[in-house]
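Numbering (our numbering), first residue to last: 1 to 170.
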């Protein structure tokens, strides 16, 4: 306090004026500190929102679908003895951009299926096929129960029932 009194005497101001200046300076510094901490929190939330928007599953799936439509349809390999396609149903084109989809009537062995083979399952696109293959690799190639598929992002109970119709666990 003696320091403030000496400063007030040198500046030629009263003690009350010095107290007011000190309080204003304190609140100015406090406000700046709070504003800075708020800016840091705003930046963190903005980064989280940007990351969430960047990896939006629907956007990625649709962009990959568009990119794959421009390429040729995935080639079948000889190592798919379990896959069968219905020759009875005609293949129809829904638009000039879309490649005709074959209807999968058999089952695919999940332990050996490639991404192209998994994409033949209706409702499984390139992103989901990649996630399924990564899941299989994490499990060491051995998936014992269909309920384990619920760990894969984008697979809920409805999609799980759909996958049960088209996959064989081995």
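Think of the CB as a built atom: it goes at the ideal place given N, C-alpha and C, for glycine as much as any other residue.
Residue 166 counts as buried, since no fewer than 16 other beta carbons sit within 10 angstroms of its beta carbon.
Taking the CA atoms as reference points, residue 41 sits about 11 angstroms from residue 34. Going by beta carbons, residue 125 and residue 162 fall outside the 7 angstroms limit. For residue 107, there is no enclosing alpha helix (DSSP H), as DSSP marks it with neither H nor E. Looking at the DSSP output, residue 168 shares a beta bridge with 109.
Apart from sequence neighbours up to five positions away, no residue of its chain approaches residue 20 with a beta-carbon distance below 6 angstroms.
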